Each structure stands twice: as C-alpha cells, then as structure tokens.
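Asker: Residue 1 is where the sequence shown starts when you use UniProt numbering, and the numbers rise one by one after that.
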Amino acid sequence: FMGLYSIVLLVLTTLFAEIVQKQLELQSTTSVETDHTYILSRLNYDFNRADSVIIPDVIGDVSEQLTLVIEGIEYTYSVNGTAFELSGNGGTFQLNSPRTEVSDVTFQKIGNLSGSPTIKTKLKLNSKVQESSGIKNIEIDTTFGLKP
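1. Kindly indicate which three-state DSSP category V79 falls into: helix, strand or coil?
2. In whole angstroms, what is the alpha-carbon distance linking S31 and M2?
3. Which residue spans inside the region 5-66 form an unbroken beta strand (DSSP E) run of at least 3?
4. Using the Cβ count rule (16 or more neighbours within 10 Å means buried), how would you classify L125?
5. Which residues in the same chain have their Cβ closer than 7 Å to the Cβ of L43, if we skip the five residues on either side of it in sequence?
6. Under DSSP, the beta strand (DSSP E) around S103 begins and ends at which residues?
7. Kindly indicate which three-state DSSP category T143 falls into: helix, strand or coil?
8. Short of 8 Å in beta carbon distance, which residues of its chain neighbour I59, apart from the five on each side in sequence? Order them along the chain.
9. Give me, in chain order, the residues of the same chain whose beta-carbon lies closer than 6 Å to that of I138; leave out the 5 immediate sequence neighbours on both sides.
10. Tell me the rounded alpha-carbon separation between S103 and L123.
11. Excluding the 5 residues preceding and the 5 following P117 in the sequence, name in chain order all residues of the same chain whose CB lies nearer than 8 Å to its CB.
12. Does DSSP classify G115 as helix, strand or coil?
13. Below 8 Å on the Cβ atoms is my guess for V107 versus S63; work out the distance and round it to an integer in Å.
14. Which value, in whole angstroms, describes the spacing of the CA atoms of T82 and V8?
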C-alpha cells in the first residue's frame with residue numbers, strides 16, 4: 001500500500017511542477033508580447049503627434065535616447081538599467097513591465113536633408129523568466145517618421 005501511495009504522490013508532484021512551469025512560460029511570453037505591442041504603439045502615437053526630433057539631431061547619428069518635441073514639450077525615451085522609460089511633462093514612466101527587461105536600444109536618424117525626420121529604432125525585449133526552451137525575447141527593428 002505504501003509503495004502505491006508513493007507512486008501516486010510522485011506522479012501528482014511531477015504533474016503539479018510541470019503545470020507551474022508551463023504557467024510561468026505562458027506569463028513570460030505574454031509579458032514580452034504585450035510590452036512589444038505597447039512600446040511600438042506608444043512610439044507610433046508620439047511620432048504622429050511630434051513637431052520635431054531633437055536627439056538624434058544629425059542624419060546618421062545614433063543615440064541611446066530619443067527626444068521628441070510635442071506641443072512645445074520635450075519627451076525623452078531612454079533606458080534606465082533594464083527599464084525603458086518615457087520622461088516629459090513632469091513625469092517619468094516605465095514602458096515595459098517588471099517581468100521584462102530592455103536592452104540594446106538605439107535610435108538612428110536617417111533620411112535626406114529636405115525630408116521629414118525619420119528614426120530607425122532598435123531594441124530587444126527579454127523575459128526575466130527562464131523557460132525550458134530558453135529566455136523569450138523579441139527584437140524591435142523598425143522605422144518611424146514625423147508627418148510632413
């Protein structure tokens with residue numbers, strides 16, 4: 001009887017551990033994908049409202065921060081440790097969740113002198129949760145431009 005009880009207990013413990021691991025993996029995947037969508041949407045929203053780009057200011061320049069002027073107020077995107085932050089109008093807000101970290105952020109001004117400012121944006125979102133298949137990450141590599 002004890003042998004059978006031990007086997008059932010072992011099977012239930014293993015099953016519970018696998019369920020917990022899958023739940024953590026789903027949460028980390030969801031966090032990375034949600035942050036990816038939110039950051040892209042926020043950048044797109046601000047570029048559509050922006051009047052000008054201050055940093056980077058010269059075509060070809062690459063910077064770890066981006067400063068836009070929107071209705072006369074400067075808004076700066078930057079990394080603080082592993083947090084992707086937006087500062088401006090009296091506050092600083094973290095754009096990624098506590099379950100993710102941001103790295104390898106660059107903003108490069110591209111385009112021609114007579115055209116509207118265009119910024120090539122790159123960053124990497126990494127999950128802080130280790131999955132059995134490795135760390136979930138998404139790389140953002142896209143371009144935003146000011147409306148003419």
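Virtual Cβ for every residue (Gly too), placed ideally from N, Cα, C. Computed from a predicted structure; not experimentally measured.
Answerer: If we stick to the structure as given:
1. The residue given as residue 79 occupies position 79 in the sequence shown. Reduced to three states, the DSSP call for V79 is strand.
2. Position 31 of the sequence shown, counted from the start, is the residue given in the question as residue 31. Position 2 of the sequence shown, counted from the start, is the residue given in the question as residue 2. When rounded, the distance between both Cα atoms is 43 Å.
3. 52-55
4. For this step, residue 125 is matched to residue 125 along the sequence shown. By the 10 Å Cβ count, L125 comes out buried.
5. Here the question's residue 43 lines up with position 43 in the sequence shown. Here the set comprises T121 and F144.
6. Position 103 of the sequence shown, counted from the start, is the residue given in the question as residue 103. Start and end: T100 to I110.
7. Walking along the sequence shown from the start, residue 143 turns up at place 143. Three-state DSSP puts T143 in a strand.
8. The count along the sequence shown starts at 1 and reaches residue 59 at position 59. Contacts found: K109, I110, G111, N112 and L113.
9. Along the sequence shown, one-based indexing puts residue 138 at 138. Taken in chain order, the residues that qualify are V32, H36 and L125.
10. Residue 103 sits at position 103 when you count from the first residue of the sequence shown. Residue 123 sits at position 123 when you count from the first residue of the sequence shown. The straight-line gap from Cα to Cα measures roughly 6 Å.
11. Reading the sequence shown from its first residue, position 117 is the one you call residue 117. The answer, listed in chain order, is S52, V53, K109, G111, G145 and L146.
12. Sequence index remark: in the sequence shown, residue 115 carries index 115 (1-based). In this structure, G115 counts as coil in the three-state DSSP scheme.
13. Taking the sequence shown and counting its residues from 1, the one referred to as residue 107 is at position 107. Taking the sequence shown and counting its residues from 1, the one referred to as residue 63 is at position 63. First, the amino acid is wrong: residue 107 is Phe here, not Val. Contact flag correct, Cβ pair sits at about 5 Å.
14. Here residue 82 is taken as the residue at index 82 of the sequence shown, counted from 1. Here residue 8 is taken as the residue at index 8 of the sequence shown, counted from 1. Each residue's Cα considered, the two are about 44 Å apart.
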